[in-house]
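Numbering-wise, full-length UniProt numbering puts 1052 at position 1052 of the sequence shown, and it's gapless, one number per residue. Take a look at the structure below.
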Amino acid sequence: MHSILASLRNYTAPSITWPHRDPIVRSFVPTASLSDLAEDKRTYQLCQWIFQGSRSVVVENVENNAFNICFPQKLYSTVYHVARRLALRVGLQINTLTHVWRRAPYAVSSRHISNETYRPDAAYSREDLTRQRDRTKAVHDLAFLVSQQNAQSPSPKLQTPHDIKGFYLAVKTKGLLCELSSEELSSLIRLFGSLSILPNLDNDSTAFRDNNTDAFALHPLAPILHRHQTIGRRTHWGFVLSVAKDKTSRGLRLGESDNFWLMRAALEDVKRLSADEPEGDNIKLCLDRAKNYYLRIKSPNDAWSVHQIYLSALLDYGGHESCDEVLARLGNLLSWKGGLSASLRILLWRVVVFPGASMAKSTKARFLHILRKKLSQVQDVLPMYSNRAAKEVGWASLDSTVQSRYHDALTIRDYFADIIFSFRPGTHPTLRYLHEVYPWALFEARAALCAFNDGTFATLDDEDRASWNNLVLLSLSFASARKGPGSLSAAGAAPQQGFDGGVDSQSQVLGWTVICSLAALSSELHIRSPLHKVTNPAAAHRIQEISRTLWILWRKEEAWRAGAVMRSMPLICCSTTSFMALASVSGDSRLAISLVRHIADSIIYPAQLGSEVLDRSMLHECAVHFAVLTATWGVGTPPQHSWDGILGALRYAQLIPDGNGSQSVRCLNSIADALVMHLVRKHLMLANGLVKSAAEHGLSISGDVLLSVGKALASEGHFELVLDYLKDGRMPGSTSSLLLNAVMDSLLRYHQDKLRPNIVQSFVEIVTKKSILPTNNHALETFIHLCIRAGHIKEAVKIVGAVCQSSSTLLSPSFLAELVTALISHRHYKLLGEILKDAWHKMPGRRASLFRGYRLRYTRQLLSLFPKVTSQEIARSLPFSVYVWPVLKDHIPFHPRLAQLNKKVISLKLSSQLQKMGRLDEKTLERAVHLLVDAGRITSAVKLLNKHSPDKVPTKAGNIILSASLRPTRKGRRQVRHASTRLAQLIEERGFVPDRVTLNLLMKALLRWKSITPTSTIRALFDKLLINGYPMPENMPTVPSGPVAASTPEQHNTPPATRSRSLFGTDGSTSKRKSLPVNLQAFPKHISFTRHTRPLYKMFVKALEARGDREGAARITNVLRQVEEKEMQQIAIRAEARRFGRIKAREKARRAGAPKKQ
């Protein structure tokens, strides 16, 4: 090679520039790009000849006068030096450094160009290189994870967001990002952006409510990953920004979807900063960043969510200064697309009535100009509507289910908005039934927002101001625009001040003004929501004044308005219904009488004469509000609280049809349902009375109405009335179950205060006889527990039996186990037998719940040692045998563990069984004795000891027998005498050897005898124990105090060593007894803290506290605490020593098993 390079010395080398590595892509491996090759192919042939002996280096001729040197990474430095020296010799110039990551091999690329410096197209060359070879497995797996193909497959491959991030960072670290295409990076941004907003969809539901294109919709894999996410809410906006930065660093262009998610990321930063610093400068910077991405998005016609998200965030966090920009952009959208979506209309209402909004006059004028231009293009005649046209706009077809039709001012208000802002004015399927109102509504909209050049306004500014005020009034009629306080006053200003600022100045908009004002009041008072409480009941007089003024304006406009479009029948019915609703809310009977006359003159008589067509459904809401007014306030008469008076008033006002036909019956039933629903929030007892008497007048109340009334009665504690509804049987089954759930929830809130016997009995009757079961099992179980705690055990058992017969899955196994335990603890064997008789055979999988008593675990071990007991032996004279066992024996095989249900059953059956058995080991004997003593069968326990241990009684078994003498039935002298006598018998006759547990038992009996053990004796006894070796902390100060403190020095002549072992400064002797009843020196020196010290010290503490010596009890408690701390230290030391010993043993075993070194 050196000789070949030496032959090229006649070539002169120009200057060489080797650029530095880019820090942004420092993980990429650079390769050199050679340029300025000679015209002939000598360089290519020379390189091919140089590396022909190496199998790892390949020289490829890519195109004319260009070649690639391909080599592995380990030969990079060698090939680099050869190429550099070759360039020096033959006159090449290395002037660029392209960052290309290739799996293997790497390439030194050479391209022939002219005298100009070559600048490669990064995006094109990298994509071409990626397509020319296979991608790595890591990149392929990452691309498949975030692909549409994986998301749409029946069983997608899932990874957690954290793992997907890890895969991406691993690919980035290895320098493999160039193998990911632009679409795959966009899919990654879209996936993590979707995961970040999924937890907030409830609060930001409008973000994806409209029809979105694929570019702005959620990633299909995001909901799946979000459902499987167990670590709670997390956002990934930082990762989204990182991927976007990596994409731009490669020279790739951000797409529409990328800009959308980056805009969302910027808006999330605005939301986060607004919580910390609402007035900070960083919020403005983030809004500018979001605006930058928003302007780059070229959204299609159906992607309304892009504009709604940005503009709503701008209005929320940009303050009143942003209203001008929001209004301008809404105007542009209205001009470009010919209408606004529902979400953008809500945003417009908010902007128009935004408090303190600073919008430029030119912005308002331009927006009004766009509205006027659109209204001028609206057809004067309502266009035809077809299913094809509906599908083009995304609406429901004509054959779809007809929604509820309302006839009030709110509907006319919606028709105004549809004509002004809809893409196809007046053709929305939910408003098609108002097609007769179209000419009048279009005329009013043009009169309110357009100019007629009739000399009403002197200047264009006055005209724009009046039109803008009319738009403000329309916005105020929408509840979404009225979020702050004072909304009712804003909607109901005095007439002399002007409802919209243009009532007194523009005579053509009286209809617009009245309808929008009525809609604002109806929306504020929630007229359409019967169960919603009145916002401000004290404002009845104010509402009367406003409604009467609006009625005068409405009648005035009808009387003298020249050139106006005639009012149609639907319009008259809608306005009359809203006026009647306001009269019902405020109790204005005078207005109601005027409305009744108006109905007769303008609606009923024209329909009877044939000049107008009347559909009775148009007056349905009006009749309902009139009935409510009649029942609560009265119309010229006192309030009517019966169906006769209410129906008579409706017939007098001609609001219901005459006759008994099916149509009349349906109309009356519908009015009755609506009347009762309205009365629930105003007069609950009146609603209940009307429901009770409805059947007498041939009226049928629907199940939903009965459910609402029942829930209201239950919430106020009228449970007897609610349960009467359920016992009547007028409600459907599903509705009855829901009402029963509501009753139980209300009863649980009242606890046992309202749980009277008649209520529980009614509940039992409903569940057992009517077979009405609740659907909420948790509420049912809690209610049954409440009945048991209140003492209604029989009723609770009846409910459980009825529920188990009807449904075997409504009650959980854990609840049944708790119920069985409660019945056994209260010895209600008869009730337990009833439950088992009714439901045991239907629930064989739950029978093990009867045998989970943790208190008798030793009984399982004891019974497992014995042969099986026959059913005849268990079924004897106890209530268990009478009520429970006959039910169980027919369904399950017998097992001795059944005897755990009662300790006396165990003692009765096992005592005779143990007498028949041979010798028992000591452990089994102790357990059997403990079982018999615990059941109170002391004689049987002694006989058992005599048989199986005749020579000598074990110490533990003897202590169990001795503990029976300490039963609470014996007190004082009788208990001490009985314990002493039994101990003497055991020692003398059975060779019993007492231990320190025996001492504790005797001390317990002695301390209970208050007359013989005063405080001084107890203190002396405790000092005696300390002197005889019981533990005491070192350096414990001994200060004589209390009744034991001596006044003569003779009582303190004990040696210093003896005094150091006492706590109260005594010598351990008392005035009556100089020693303890047992010899402490005969016991073993070992004293267990758990079995000996702690129980004994606690006895002394309890005895001193019972005698009022709190100071002595506190001193013993302090001693016990310090002794316990020392014991815990010793336990830790022993545990560490055992661990060290195990380590040494393992090490010794390892050394013993290792081969010896030679």
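Glycine included, every Cβ here is placed at the ideal spot set by N, Cα and C. This structure is a prediction, so every number in the text was calculated from the model and none was measured.
Subject >> Reference residue 434; option with closest CA among 450, 651, 989, 407 >> reply: Cα-wise, what sits closest to residue 434 is 407.
Original post:
CA-CA distance, residue 804 and residue 692?
Top reply: Using only the alpha carbons, I get a separation of about 33 angstroms.
**OP:** Drop a sphere of 10 angstroms on the beta-carbon of residue 186, count the other beta-carbons inside from all chains shown, and report buried for 16 or more, exposed for fewer.
**Re:** Within 10 angstroms of the beta-carbon of residue 186 lie 16 or more other beta-carbons, which makes it buried.
**OP:** Measuring alpha carbon to alpha carbon, tell me which of 304, 335, 366 ends up nearest residue 343.
**Re:** The candidate whose alpha carbon is nearest that of residue 343 is 304.
**OP:** At 4 residues or longer, and completely inside the stretch 660–725: list those alpha helix (DSSP H) runs for me, N to C.
**Re:** The qualifying runs are 662–682, 684–692, 703–715.
Original post:
Is DSSP giving residue 1022 helix, strand or coil here?
Top reply: Residue 1022 falls in the helix class under three-state DSSP.
Subject >> residue 11 burial status per 10 Å Cβ neighbour count (16 or more: buried) >> reply: At residue 11, the pLDDT of 33 sits below 50, so the modelled position is not reliable; the number obtained from the coordinates is stated separately. Within 10 angstroms of the beta-carbon of residue 11 lie fewer than 16 other beta-carbons, which makes it exposed.
Original post:
According to DSSP, is residue 246 helix, strand or coil?
Top reply: The answer is helix: DSSP assigns residue 246 an H, G or I state.
Subject >> Own chain partners of residue 1000 with C-beta closer than 8 angstroms, once the 5 adjacent residues on each side are dropped >> reply: The residues are 1092, 1095, 1096, 1099.
Original post:
Can you tell me whether DSSP reads residue 979 as helix, strand or coil?
Top reply: The answer is helix: DSSP assigns residue 979 an H, G or I state.
Original post:
Around the Cβ of residue 975, are there at least 16 other Cβ atoms within 10 angstroms (buried) or fewer (exposed)?
Top reply: Counting every other CB atom within 10 Å of its CB across the protein chains shown gives residue 975 a total of 16 or more, marking it as buried.
Subject >> Own chain partners of residue 26 with C-beta closer than 8 angstroms, once the 5 adjacent residues on each side are dropped >> reply: Interpretation of residue 26 is limited by its pLDDT of 27, a score under 50 that renders its predicted location unreliable; no figure is taken from the coordinates.
Original post:
Whose C-alpha, out of 414, 929, 987, is nearest the C-alpha of residue 952?
Top reply: It is 987 whose Cα lies nearest to the Cα of residue 952.
**OP:** Tell me whether the beta-carbon of residue 290 lies closer than 8 angstroms to the beta-carbon of residue 328.
**Re:** No. Outside cutoff.
Original post:
Just how far apart, CA to CA, sit residue 678 and residue 243?
Top reply: Straight-line measurement puts the Cα of residue 243 at about 57 angstroms from the Cα of residue 678.
Original post:
In whole angstroms, what is the alpha-carbon distance linking residue 299 and residue 318?
Top reply: If you draw a straight line from the Cα of residue 299 to the Cα of residue 318, it is about 23 angstroms long.
Subject >> Touching by the beta-carbon criterion (3+ pairs, under 8 angstroms), the stretch 1009–1021 and the stretch 1103–1114 >> reply: Between the stretch 1009–1021 and the stretch 1103–1114 there are three or more inter-stretch CB-CB distances shorter than 8 angstroms, so the stretches are counted as touching.
Original post:
Can you tell me whether DSSP reads residue 433 as helix, strand or coil?
Top reply: Residue state, collapsed to three classes: helix.
**OP:** Can you say whether residue 566 is buried or exposed, counting buried as having 16 or more other CB atoms within 10 angstroms of its CB?
**Re:** So residue 566 ends up on the exposed side.
Original post:
Can you tell me the Cα-Cα spacing of residue 190 and residue 160, whole angstroms?
Top reply: Computed Cα separation, rounded: 16 angstroms.
Subject >> As assigned by DSSP and simplified to three states, the class of residue 648 >> reply: Of the three classes helix, strand and coil, the one that applies to residue 648 here is helix, per DSSP.
Original post:
When the Cβ atoms of the stretch 954–961 are set against those of the stretch 933–946, are three or more pairs found closer than 8 angstroms?
Top reply: Output reads yes: the stretch 933–946 touches the stretch 954–961.
Original post:
Thinking C-alpha only, which one of 415, 772, 730, 780 is nearest residue 747?
Top reply: Taking only the C-alpha atoms, the option nearest residue 747 is 780.
Original post:
Going by C-alpha distance, which of 740, 238, 1086 is nearest residue 766?
Top reply: Of the candidates 740, 238, 1086, the one whose C-alpha sits nearest the C-alpha of residue 766 is 740.
Subject >> As assigned by DSSP and simplified to three states, the class of residue 450 >> reply: DSSP places residue 450 in the coil class of the three-state scheme, outside both helix and strand.
**OP:** Thinking residue 426 and residue 382 are a contact (beta carbons under 8 angstroms), I'd like their distance in whole angstroms, please.
**Re:** Indeed they touch by this definition, with Cβ atoms about 5 angstroms apart.
Original post:
What are the boundary residues of the alpha helix (DSSP H) that residue 518 is part of?
Top reply: Where residue 518 is concerned, the enclosing alpha helix (DSSP H) stretches over 510–524.
**OP:** Output the distance between the C-alpha atoms of residue 424 and residue 439, rounded to the nearest integer angstrom.
**Re:** Computed Cα separation, rounded: 15 angstroms.
Original post:
So what's residue 276 in DSSP terms, helix, strand or just coil?
Top reply: Note: residue 276 maps to helix in three-state DSSP.
Original post:
Is the Cβ-Cβ distance between residue 650 and residue 672 less than 8 angstroms?
Top reply: Here residue 650 is not near residue 672, since their CB atoms are 8 angstroms or more apart.
**OP:** Quick one: using the 10 Å Cβ neighbour count with 16 as the cut-off for buried, is residue 1057 buried or exposed?
**Re:** Unreliable placement is indicated for residue 1057, whose pLDDT of 42 sits below 50; the coordinate value is still reported in the next sentence. Counting Cβ neighbours within 10 Å, residue 1057 comes out exposed, since fewer than 16 surround it.
**OP:** Measuring alpha carbon to alpha carbon, tell me which of 615, 708, 379, 654 ends up nearest residue 599.
**Re:** Per the C-alpha coordinates, the member of 615, 708, 379, 654 positioned closest to residue 599 is 654.
Original post:
What span of residues does the alpha helix (DSSP H) with residue 922 cover, start to end?
Top reply: First-last of the alpha helix (DSSP H) with residue 922: 922–934.
Original post:
What separation, rounded to the nearest whole angstrom, lies between the Cα atoms of residue 1033 and residue 820?
Top reply: Using only the alpha carbons, I get a separation of about 50 angstroms.
**OP:** Please check the pair residue 628 and residue 675, which I expect to be a contact at CB under 8 angstroms, by giving their CB distance rounded to whole angstroms.
**Re:** Between residue 628 and residue 675 a beta carbon distance of about 6 angstroms is seen, short of the 8 angstroms cut, so the two are scored as contacting.
Original post:
Roughly how many whole angstroms lie between the Cα atoms of residue 308 and residue 145?
Top reply: If you draw a straight line from the Cα of residue 308 to the Cα of residue 145, it comes to about 31 angstroms.
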